[in-house]
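Protein chains: 2
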Amino acid sequence: MTLAQTLALDVLETPCVLVDVDRVRANIARVQAYADRNRIRLRPHIKTHKIPLFARWQIEAGAVGITCQKLGEAEVMADAGIDDILLPYNLIGASKLQRLRRLAGRVSLRVTADSAFVVDGYAAAFADADAPLRVLIECDTGGGRCGVQDANQALQLARHIEACANLEFVGLMTYPAAGAEGRARAHAWLADTVARLTAAGLAPAEVSSGGTPDLWQAHASTGLTEYRPGTYIYLDRFQVAKGVGTFDDCALTVLSTVVSTPAPGRVVIDAGSKALTSDLLGMDGYGCVDGLPQARVVGLSEEHGILDVSACAVSPQVGDRLRIIPNHACPVSNLFDQIQLISAGKWLYSLPVAARGRVD
Amino acid sequence: MTLAQTLALDVLETPCVLVDVDRVRANIARVQAYADRNRIRLRPHIKTHKIPLFARWQIEAGAVGITCQKLGEAEVMADAGIDDILLPYNLIGASKLQRLRRLAGRVSLRVTADSAFVVDGYAAAFADADAPLRVLIECDTGGGRCGVQDANQALQLARHIEACANLEFVGLMTYPAAGAEGRARAHAWLADTVARLTAAGLAPAEVSSGGTPDLWQAHASTGLTEYRPGTYIYLDRFQVAKGVGTFDDCALTVLSTVVSTPAPGRVVIDAGSKALTSDLLGMDGYGCVDGLPQARVVGLSEEHGILDVSACAVSPQVGDRLRIIPNHACPVSNLFDQIQLISAGKWLYSLPVAARGRVD
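Going down the list, the sequences are from chains A and B.
Each residue of the first sequence is one higher than the one before, counting from -16 in the numbering used here.
Each residue of the second sequence is one higher than the one before, counting from -16 in the numbering used here.
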């Protein structure tokens, strides 16, 4: 990507979100190549970026479509021309089901359910639809969130879906617990359930899993047809800790200004929880400072970040600018109306986070 | 407040933020009466609500003006006609200082500084201004964030401010550590510094403190002229834990829907960290459920909240709606483009969170 003119980052006010487009493209390409090599369909989760342009880049690279956690996000993406969407969420209530019905009229859509209550809502909303709504069953393979609990429940719900006119049972969806143990458990759970469903004449056409932390092990879970990673497009401190990439692969940083150095070892920046979120994800501190690995982000209030720089050879001064790699990139995207695209350390342009704040 | 027509909350999609206007009015009135009784000027911090209408209600009740943490928030409030604003933040950089200069042309403005670097920026920006910029010195009285560290530093900085043409030293500002010990330390710190400044002929006209947790003890800190509480307008689980009010005073709740009851004792709602934030503030769990005190909000992902309801006599069912009192109301305001005003359990109308997302 080149533009006639680029500008130094100095022109940007802080705090702001910088996104390195070269790293975004490299992250998309690297993961797509892995998926292609292993014949897994990639369906990136757009919760991380919430930006139609990046969804389009993901599809152009070879993704079969996208995943949206919220109907409102899916509507934004459909408005932008994305035409293949999975909504892996139990959608409940008359208003949401009407919106779902409208959305199904303009994109290739899949949804999920983990209870008869949710399935019945879909069935009622699509009773007079021209085409059936495709439904995957959400499976709790150890993640401890939503999902049917075992193969029996899955079979029962698959039969319920199939018994509904204008609903089509297409497969299983899970968001497994991360790590080797979680993967093993999810694999056994899914294998058992696929076998049960197949024996009952309801072989799932699709088995969809997700999660960036275990992305590079997706091929080892035989039977998966689809993977839904989200954070891989930006990466963050947590994903680096999990070994998914390096800090040099992290595309999203928060540019901040040192506003105070009130006491020895203490540096205060203008990025607080309103820029970085309070997400710890089990780690120590709220992010790390690009180029200053000894600095610790020890505390956040809404508009201030407190750094302990007592281990740093050189301490930042008031007015200096620091780039913070957040613990978790996805909720950071949701805090900013726009991101600042950069390339080779220069500012390109602002891009609206079009699906930010789509809560319902 | 009455409208010709009100609607049941059923018409609202979830998750959404409900704000009870009667409680808002009562919270404003109660705290203003306390401030009036104790002859402390109230300057509410609008970070909690970020809504011009509520700022106007606070001023109509008797507040001398408002406090904004960000220049962007102050600009929104000035656009809405609020004309007396304190910006207790070190403002740095050419662009921000230009914006500050413009803002000073249309409202009565005060800012703060804790270093010569910041003061020099103000001085340069206001060198040819018609009226001096009023500056308070930020004091670290134990809160451990920004601020000069002792009376000597305060005196030195006050002299520096007074030496700058078009800057006026008007007083001291602190955000103290909460609790009895924090208050005692802040009180001693401020008394010492006021004495030192007075002896040097620089008696501070204003001494401004803040924080909702210790709001009801503000009168005991003799010498304070102004108090800047924010959260008192809504209150939240943390403030109730601190004894500032009761759950019946909490004006802001997040309305959510039960989307899954996958396993005994586990209930999943559609309000996750994107609705409630990950703020723990030292508490157990991410909020509490209105009317269901035995339920614990044990986990959040971005779009899911996990409740442990094993201690509840009756467990919520899929499709039920639950109102969550968040740990911390302020960052919740920042996640929603609009709030839903309610009165007596009925929906009145939506109100934009006009200063949401003003990060700089």
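Note that CB positions come from ideal geometry on N, CA and C, so glycine has one too.
Per the DSSP calculation, residue i is bridged to which residue(s)?
i: W40 (chain A); result: Per DSSP, none; premise fails for W40 (chain A).
i: L28 (chain B); result: Here residue 28 (chain B) turns out to be His, not Leu, going by the sequence shown. Answer is B:T50.
i: A(-9) (chain A); result: A:K329
i: I289 (chain A); result: A:V251 and A:G282
i: I152 (chain A); result: Ile is not the amino acid found at residue 152 (chain A); the sequence shown has Phe there. DSSP lists A:V118 as partners of F152 (chain A).
i: I68 (chain A); result: A:I49 and A:L92
i: V342 (chain B); result: DSSP lists no partner for V342 (chain B).
i: T157 (chain B); result: B:C122
i: L305 (chain B); result: B:S239
i: V102 (chain A); result: None; V102 (chain A) has no bridge partner.
i: L131 (chain B); result: Strictly speaking, residue 131 (chain B) in this sequence is Val, with Leu absent from that position. DSSP output for V131 (chain B) lists B:C122 as bridge partner(s).
i: P272 (chain A); result: The question names Pro, but residue 272 (chain A) in the sequence shown is Val. Answer by DSSP bridge pairing, in chain order: A:I307.
In angstroms with no decimal places, state the Cα-to-Cα distance between residue i and residue j.
i: T(-15) (chain A); j: G328 (chain B); result: With a pLDDT of only 45 at T(-15) (chain A), under the threshold of 50, the placement of this residue in the model should not be trusted; the figure read from the coordinates follows. One C-alpha to the other measures close to 55 Å.
i: E145 (chain A); j: V153 (chain A); result: 10 Å
i: D349 (chain A); j: F221 (chain B); result: Here chain A has residues from -16 to 343 only, and residue 349 (chain A) is not among them.
i: G125 (chain B); j: A171 (chain B); result: 11 Å
i: G194 (chain A); j: G213 (chain A); result: 7 Å
i: A(-13) (chain B); j: V4 (chain B); result: Since pLDDT at A(-13) (chain B) reaches only 46, below the 50 mark, its modelled position is unreliable, and no value is offered.
i: V7 (chain B); j: A234 (chain B); result: 6 Å
i: E121 (chain A); j: L(-8) (chain A); result: 44 Å
i: L(-5) (chain A); j: A182 (chain B); result: 43 Å
i: V223 (chain A); j: C51 (chain A); result: 24 Å
i: E151 (chain B); j: Q139 (chain B); result: 14 Å
i: A137 (chain A); j: A57 (chain A); result: 26 Å
i: L331 (chain A); j: V0 (chain A); result: 13 Å
i: V2 (chain A); j: L86 (chain B); result: 31 Å
i: L80 (chain A); j: A312 (chain B); result: 30 Å
i: R306 (chain B); j: R179 (chain B); result: 51 Å
i: A148 (chain B); j: M60 (chain A); result: 54 Å
i: W40 (chain A); j: L275 (chain B); result: 46 Å
i: T260 (chain A); j: D175 (chain B); result: 37 Å
i: I29 (chain B); j: P35 (chain A); result: 33 Å
i: I68 (chain B); j: I42 (chain B); result: 11 Å
i: D62 (chain B); j: V90 (chain B); result: 10 Å
i: L(-10) (chain B); j: E285 (chain A); result: 34 Å
i: V94 (chain A); j: V190 (chain B); result: 58 Å
i: A188 (chain A); j: N317 (chain B); result: 42 Å
i: L324 (chain A); j: C271 (chain B); result: 39 Å
i: P420 (chain B); j: D273 (chain B); result: Here chain B comprises residues numbered -16 to 343, so residue 420 (chain B) is not present and cannot be evaluated.
i: A141 (chain B); j: V251 (chain A); result: 21 Å
i: V102 (chain A); j: D113 (chain A); result: 18 Å
i: L290 (chain B); j: A278 (chain B); result: 6 Å
Starting from residue i, trace the beta strand (DSSP E) both ways and give me its first and last residue.
i: C(-1) (chain B); result: C(-1) to D3
i: Y385 (chain B); result: The structure shown has nothing for residue 385 (chain B), since chain B only spans -16 to 343.
i: S326 (chain A); result: Q321 to S326
Measuring CA to CA, which of the options is closest to residue i?
i: E345 (chain B); options: B:S204, B:N73 and B:S191; result: Given a span of -16 to 343 for chain B in the structure shown, any question on residue 345 (chain B) remains unanswerable.
i: M266 (chain A); options: A:L275, A:G282, A:D113 and A:Y332; result: A:G282
i: G130 (chain B); options: B:R84, B:Y72, B:A182 and B:E209; result: B:Y72
i: G302 (chain B); options: A:A99, A:D66, A:C295 and A:R22; result: A:A99
i: Q200 (chain B); options: B:A9, B:L54 and B:I23; result: B:I23
i: A167 (chain A); options: A:S192, A:T240 and A:Q300; result: A:S192
i: K295 (chain B); options: B:D253, B:D232, B:A44 and B:R249; result: Sequence inspection shows Cys at residue 295 (chain B); the Lys mentioned does not correspond to that position. C295 (chain B) has its Cα closest to that of B:R249, out of B:D253, B:D232, B:A44 and B:R249.
i: S78 (chain A); options: B:T229, B:H143, B:H287 and B:P(-2); result: B:P(-2)
i: R211 (chain B); options: B:L173, B:M156 and B:V177; result: B:M156
i: G45 (chain B); options: B:I11, B:V227 and B:T229; result: B:I11
i: Q132 (chain B); options: A:V336, A:P245 and A:S256; result: A:P245
i: E209 (chain A); options: A:G127, A:L119 and A:I289; result: A:L119
i: Y17 (chain B); options: B:H202, B:S293, B:V47 and B:P115; result: B:H202
Could you spell out where the alpha helix (DSSP H) holding residue i opens and where it closes?
i: Q344 (chain B); result: For chain B, the structure presents residues -16 to 343; residue 344 (chain B) sits outside this window and is missing.
i: K79 (chain B); result: A77 to A87
i: C313 (chain A); result: A312 to S316
Which runs of the beta strand (DSSP E) fall wholly inside the region 159 to 212 of chain B and span at least 3 residues, in chain order?
189 to 193 and 209 to 211
Start-end ranges of the alpha helix (DSSP H) lying completely within the region 220 to 270 of chain A, minimum 4 residues:
220 to 224 and 256 to 259
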